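S.K.: Taken in order, these protein sequences are the chains called A and B. If you read the first sequence in the numbering used here, its first letter stands for residue 98, the second for the next number, and so on. If you read the second sequence in the numbering used here, its first letter stands for residue 98, the second for the next number, and so on. Got a structure for you, questions after.
2 protein chains.
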Amino acid sequence: MLRDVLREPTFLILAAVAPAPLHGYGILQSVDELSEGRVRLRAGTLYAALDRLVGEGALRVDREEVVEGRLRRYYRITAAGREVLRCGVDHLEANASAARNQLARGAEAGLA
Amino acid sequence: MLRDVLREPTFLILAAVAPAPLHGYGILQSVDELSEGRVRLRAGTLYAALDRLVGEGALRVDREEVVEGRLRRYYRITAAGREVLRCGVDHLEANASAARNQLARGAEAGLA
DNA sequence: GCAACATATACCGATGATCGGACTATCAGG
DNA sequence: CCTGATAGTCCGATCATCGGTATATGTTGC
Numbered sequence: 098m099l100r101d102v103l104r105e106p107t108f109l110i111l112a113a114v115a116p117a118p119l120h121g122y123g124i125l126q127s128v129d130e131l132s133e134g135r136v137r138l139r140a141g142t143l144y145a146a147l148d149r150l151v152g153e154g155a156l157r158v159d160r161e162e163v164v165e166g167r168l169r170r171y172y173r174i175t176a177a178g179r180e181v182l183r184c185g186v187d188h189l190e191a192n193a194s195a196a197r198n199q200l201a202r203g204a205e206a207g208l209a
Numbered sequence: 098m099l100r101d102v103l104r105e106p107t108f109l110i111l112a113a114v115a116p117a118p119l120h121g122y123g124i125l126q127s128v129d130e131l132s133e134g135r136v137r138l139r140a141g142t143l144y145a146a147l148d149r150l151v152g153e154g155a156l157r158v159d160r161e162e163v164v165e166g167r168l169r170r171y172y173r174i175t176a177a178g179r180e181v182l183r184c185g186v187d188h189l190e191a192n193a194s195a196a197r198n199q200l201a202r203g204a205e206a207g208l209a
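Okay, structure coming up:
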């Protein structure tokens with residue numbers, strides 16, 4: 098379970114797949130919604146990250162379908178992947194609250 | 098004010114300098130504390146990031162002192178830098194709460 | 001006397017996630 | 001016809017970060 102850092106795209110990919118198995122293109126859209134348009138995943142980033150996450154055991158391929166002549170590959174989050182994501186959430190919140198506190202201390206001091 | 102992404106080290110550096118001007122080595126220690134030991138900045142990362150942030154106008158050199166024969170260069174956060182950090186905090190919190198929600202939806206569905 | 005450690009900054013090559021785009025393919029709508 | 005949505009694949013480029021080295025001084029401990 099040795100994860101150094103979850104970058105934003107990777108973090109959001111895991112979050113997108115957390116509720117239910119989802120295919121690549123669906124993840125693309127889900128990440129867009131989850132981040133309220135702040136993050137637009139590149140196809141290259143997505144499929145590379147997907148391969149990486151499967152390799153690390155955070156995701157696994159659930160099933161493949163062909164819908165209207167187009168392949169859909171569904172990815173499912175693993176127990177390890179959920180743990181990584183949970184850890185990442187805690188991490189993010191800790192950083193956010195620490196930074197918020199630091200900003201408040203600066204404002205108090207009347208810093209530029 | 099076009100900031101694509103704040104990576105964790107950069108984010109924490111800004112947070113460290115937010116309350117008051119601080120010199121490089123002090124930032125190193127502050128980041129360590131702020132992140133509760135989760136993040137250990139490399140010297141290379143720090144001084145490169147510092148130069149970059151000054152170049153971007155998020156920080157500026159406040160003053161230089163010589164203490165016990167050693168140079169201390171103090172960095173001060175700018176108004177733009179505070180804005181970048183504030184923006185980053187919101188961003189982080191939004192991502193964290195979205196991911197938390199997704200995890201809850203997965204748990205509800207009894208996903209592995 | 002000397003090793004080890006804290007303080008403080010600087011430089012450099014390697015790594016790897018992400019970016020930015022191109023490519024293939026099908027189907028719907030104007 | 002052409003655009004846009006859907007769906008996946010591949011590839012070179014970028015650049016923040018990593019990991020380590022170098023330089024210097026002061027302090028602590030054996």
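Every residue gets a Cβ at the ideal spot worked out from N, C-alpha and C, and that includes glycine. All values reported here derive from a predicted model rather than from experimental measurement.
Residues in its own chain within less than 7 angstroms of Arg170 of chain B by CB, not counting five upstream and five downstream?
M.R.: Counting only Cβ-Cβ distances below 7 angstroms, and skipping sequence neighbours, we find His120, Gly121, Val158 and Glu161.
S.K.: Using a Cβ-Cβ cut-off of less than 8 angstroms, list which residues of the region 130-147 of chain A approach chain B; keep chain order.
M.R.: For the region 130-147 of chain A, which is checked against every Cβ of chain B, the residues closer than 8 angstroms are Leu131, Ser132, Glu133 and Arg135.
S.K.: Within the continuous beta strand (DSSP E) that includes Arg167 of chain B, where are the two ends?
M.R.: Arg167 to Ile174 is the span of the beta strand (DSSP E), which, as asked, contains Arg167 of chain B.
S.K.: Quick check on Arg197 of chain B: does DSSP put it in helix, strand or coil?
M.R.: Of the three classes helix, strand and coil, the one that applies to Arg197 of chain B here is helix, per DSSP.
S.K.: If we call anything under 8 angstroms between Cβ atoms a contact, is Arg173 of chain B one with Val114 of chain B?
M.R.: It is a contact, given that the beta carbons lie within the stated cut-off.
S.K.: Classify Arg139 of chain B as buried or exposed, calling it buried when 16 or more other Cβ atoms lie within 10 Å of its own Cβ.
M.R.: Exposed is the call here.
S.K.: Could you list which residues in chain A have their beta carbon closer than 7 angstroms to that of Leu189 of chain B, in chain order?
M.R.: Simply Leu189, Asn192 and Ala193.
S.K.: What's the call for Gln126 of chain A, buried or exposed, on a 16-neighbour Cβ count within 10 Å?
M.R.: Flag for Gln126 of chain A reads exposed.
S.K.: Tell me Leu119 of chain B's beta-bridge partners as DSSP assigns them.
M.R.: Beta-bridge pairing links Leu119 of chain B to B:Tyr172.
S.K.: So which residues of chain B does Glu153 of chain A contact, with C-beta pairs closer than 9 angstroms?
M.R.: Neighbours of Glu153 of chain A on chain B: none; closest Cβ ~16 angstroms, over 9 angstroms.
S.K.: Applying a beta-carbon distance threshold of less than 9 angstroms, which residues of chain A neighbour Leu109 of chain B?
M.R.: Within 9 angstroms Cβ-Cβ: Asn192, Ala195 and Ala196.
S.K.: Could you confirm whether any beta carbon from chain B is found closer than 8 angstroms to the beta carbon of Arg202 of chain A?
M.R.: Yes, Arg202 of chain A counts as interfacial toward chain B.
S.K.: Is the CB of Arg170 of chain A under 8 angstroms away from at least one CB in chain B?
M.R.: Not closer than 8 angstroms to any Cβ of chain B, the Cβ of Arg170 of chain A fails to qualify, so no.
S.K.: Taking just the CA atoms, how far does Leu143 of chain B sit from Val163 of chain B?
M.R.: Cα to Cα, the separation comes out at about 20 angstroms.
S.K.: Where does Arg157 of chain B fall in DSSP's three states?
M.R.: DSSP places Arg157 of chain B in strand when its eight states are reduced to three.
S.K.: Report yes if the CB atom of Gln199 of chain A is closer than 8 angstroms to the CB atom of Ala112 of chain B, and no otherwise.
M.R.: Cβ atoms of Gln199 of chain A and Ala112 of chain B: closer than 8 angstroms.
S.K.: Between Glu105 of chain B and chain A, is any beta-carbon pair separated by less than 8 angstroms?
M.R.: Yes, Glu105 of chain B lies at the interface with chain A (some Cβ there is under 8 angstroms from its Cβ).
S.K.: List the residues of chain B that Ala177 of chain A touches, going by C-beta distances under 8 angstroms, in chain order.
M.R.: Here the premise fails: no neighbours, minimum Cβ distance about 10 angstroms.
S.K.: Could you tell me the boundaries of the alpha helix (DSSP H) in which Ala112 of chain B lies?
M.R.: That run of the alpha helix (DSSP H) goes Glu105 to Val114.
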